[in-house]
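Just so you know, the sequence shown maps onto residues 1 to 291 in the UniProt record's numbering. This report concerns only the one structure given below.
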Amino acid sequence: MVTVQGARALVFGGSGQVGAAVIPRLLEAGWDVDALSREGQAPAPGLRWLRGGFEAMPALAREYGAVISCGPLDHFARWYTDGGVDAPIVVAFGSTSLTVKLGSVDDAERALAARLGAAEDALFACARGRGADAVVLRPTLVYGAGRDRTLSRIAAMARRTGMFPLPRGATGLRQPVHVDDLAATAVAALGARGAGGGAYDLPGGETLSYRDMVARVLAVLEPPARLVELPAPVFSLLAAAFRSSGRLQGFGPAAQARLRQDLVFDVAPAAAALGHAPRAFRPVAGMFLPG
Ligand SMILES: NC(=O)c1ccc[n+]([C@@H]2O[C@H](COP(=O)([O-])OP(=O)(O)OC[C@H]3O[C@@H](n4cnc5c(N)ncnc54)[C@H](OP(=O)(O)O)[C@@H]3O)[C@@H](O)[C@H]2O)c1
């Protein structure tokens, strides 16, 4: 690991599932950290929490050794391009949704993809103009801290009911990526100063079908839960009924169509440039429990 002494990093989204894994790695690498949150947070040696967000920015130093964004990329890019602070390197999390949702049947998903694309473009252009390197990290499906919106939600529902339904044919490939592997790569990216920056997909270390991914999660719950595979039209009706009663979020028609779609990304560019070395998907129950 590259260590630094006396340099201060500015972190956005440090209270989130990825940011909470990034901060300890920064401290361990010798960085002092200013982290923003709209909520009160507990300080730690080397870590100073500043109260605020993109809508109400607290006073910041004019210059930092690095800026890391683990919050919404569009807000961050707007703040950075509107002035932000100076730093030789800026590392920001984006999402593979940029490419996955570009051709979605859902208007909101296409709009999200467009926002992510515009934010990346603006960030790269602004960083170039300021002589800084910008690195955008695009994770696939994130898990590991019990706070993700896919596998932890599935696990929570399965714990309540003892089962989880999926439509038959949920064979689309996935590459779940652990929050700690993302954090390690984000901190390693700070060492890419002077390399010109770029955008990197960050998949997990194993490619498996959606069905098998969910089956592995259900198998490690205590007690294990049952995977129930339903004919696709039955699943679709059930999901619509649960959504309209407010008992299910997501799993709309676009998300259901994606269950059959392979969402696979090449790990090689991030491995070569940033040393991204994600673990295989070996879940344990605690990974899906908050805290
Ligand atoms: N979760 C996934 O599966 C996934 C997949 C692909 C990409 N990503 C990307 O990875 C990054 C980290 O994701 P995550 O799941 O760790 O996020 P998260 O848990 O939802 O946390 C987001 C963080 O952003 C901060 N934030 C949100 N809105 C803000 C605002 N208006 N002003 C200032 N801060 C704001 C929040 O800080 P406070 O509430 O403390 O202010 C929070 O700590 C994000 O860019 C996300 O898009 C996530």
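Note that beta-carbon positions come from the ideal geometry of N, C-alpha and C, so glycine has one too. Quantities reported herein were computed from a predicted structural model and do not represent experimental measurements.
Contact defined as beta carbons within less than 8 Å: I believe ALA92 pairs with LEU116. What is the distance between those atoms, to the nearest angstrom? The sequence position of residue 92 within the sequence shown is 92, counting from 1. The sequence position of residue 116 within the sequence shown is 116, counting from 1. Contact doesn't hold; Cβ gap of about 11 Å is too wide.
Consider the C-beta atom of HIS75 and the heavy atoms of ligand 1; say whether any pair is separated by less than 7 Å. Residue 75 sits at position 75 when you count from the first residue of the sequence shown. Short note on HIS75: C-beta closer than 7 Å to some heavy atom of ligand 1.
Can you tell me whether DSSP reads SER282 as helix, strand or coil? Residue numbering aside, residue 282 sits at position 282 when the sequence shown is read from its first letter. Note that residue 282 is Arg in the sequence shown, not Ser. If DSSP states are grouped into helix, strand and coil, ARG282 belongs with coil.
Exposed or buried, VAL234, counting other C-beta atoms within 10 Å across all chains shown (16 or more means buried)? Mapped onto the sequence shown, residue 234 falls at position 234. Exposed.
Report the option in VAL18, PHE12, ARG25 and PHE54 whose CA atom is closest to the CA atom of ASP34. Against the sequence shown, residue 34 aligns to sequence position 34. Residue PHE12 is the option with its Cα nearest to ASP34.
Is ARG174 helix, strand or coil when you go by DSSP? Your numbering for residue 174 matches position 174 in the sequence shown. The DSSP-derived three-state label of ARG174 is strand.
Hey, LEU182 and VAL18 are a contact pair by Cβ (cut 8 Å); roughly how many whole angstroms apart? Position 182 of the sequence shown holds residue 182. Position 18 of the sequence shown holds residue 18. Their Cβ separation, rounded to whole angstroms, is 5 Å, which keeps LEU182 and VAL18 in contact under 8 Å.
When DSSP builds the beta bridges, which residues end up paired with ILE68? The residue you call residue 68 lines up with position 68 of the sequence shown. In DSSP, ILE68 forms a bridge with VAL11 and VAL91.
In chain order, which alpha helix (DSSP H) runs of at least 4 residues are fully inside the region 94 to 130? Along the region 94 to 130, the alpha helix (DSSP H) occurs as fully enclosed runs of 4 or more residues at 97 to 100 and 107 to 129, listed in sequence order.
Tell me whether GLU28 sits in a helix, a strand or coil according to DSSP, three-state version. As a first step, residue 28 is located in the sequence shown; it is residue number 28 there, counting from the start. Three-state result, GLU28: helix.
What would DSSP say about LEU151, mapped onto helix, strand or coil? Position 151 of the sequence shown, counted from the first residue, corresponds to residue 151. Of the three classes helix, strand and coil, the one that applies to LEU151 here is helix, per DSSP.
Helix, strand or coil for PRO269, going by three-state DSSP, please let me know. Within the sequence shown, numbered from 1, the residue matching residue 269 stands at position 269. Of the three classes helix, strand and coil, the one that applies to PRO269 here is helix, per DSSP.
Would you check whether ligand 1 has a heavy atom nearer than 7 Å to the C-beta of ARG147? In the sequence shown, residue 147 corresponds to position 147, counting from 1. Yes, Cβ of ARG147 sits closer than 7 Å to a heavy atom of ligand 1.
Determine the direct distance from the alpha carbon of PRO290 to that of ALA42, and round the result to whole angstroms. Locating residue 42 in the sequence shown gives position 42, counting from the first residue. Locating residue 290 in the sequence shown gives position 290, counting from the first residue. Answer to the nearest angstrom: the Cα atoms are 18 Å apart.
How close, in whole Å, do the beta carbons of ARG149 and ASP201 come, if the pair is a contact with beta carbons under 8 Å? By 1-based counting over the sequence shown, the position of residue 149 is 149. By 1-based counting over the sequence shown, the position of residue 201 is 201. The beta-carbon distance between ARG149 and ASP201, rounded to whole angstroms, is 19 Å. This is too long to meet the 8 Å contact definition.
So, helix, strand or coil for MET287, using DSSP? For the purposes of this step, residue 287 is taken as the residue at position 287 of the sequence shown. Secondary structure of MET287 (DSSP, three-state): helix.
With distances taken from CA atoms, which of ARG282, GLN256 and PRO203 is nearest HIS276? Against the sequence shown, residue 276 aligns to sequence position 276. Looking at the Cα atoms, PRO203 is the closest of the given residues.
For GLU120, does the count of other Cβ atoms within 10 angstroms reach 16, so buried, or fall short, so exposed? Here residue 120 refers to the residue found at position 120 when the sequence shown is read from its first residue. Its Cβ being crowded by 16 or more others within 10 Å, GLU120 is buried.
Taking just the CA atoms, how far does VAL135 sit from ARG211? Here residue 211 corresponds to residue number 211 of the sequence shown, with the count starting at 1. Here residue 135 corresponds to residue number 135 of the sequence shown, with the count starting at 1. The C-alpha of ARG211 lies about 33 Å from the C-alpha of VAL135.
Taking the alpha-carbon positions, what's the LEU50 to GLY65 distance? Residue numbering aside, residue 50 sits at position 50 when the sequence shown is read from its first letter. Residue numbering aside, residue 65 sits at position 65 when the sequence shown is read from its first letter. Spanning the two alpha carbons is a distance of roughly 17 Å.
Taking ARG8 and ALA61 to be in contact with their CB atoms under 8 Å, please state how far apart those CB atoms are, rounded to whole angstroms. Position 8 of the sequence shown holds residue 8. Position 61 of the sequence shown holds residue 61. The beta-carbon separation of ARG8 and ALA61, rounded to 7 Å, stays under the 8 Å limit for a contact.
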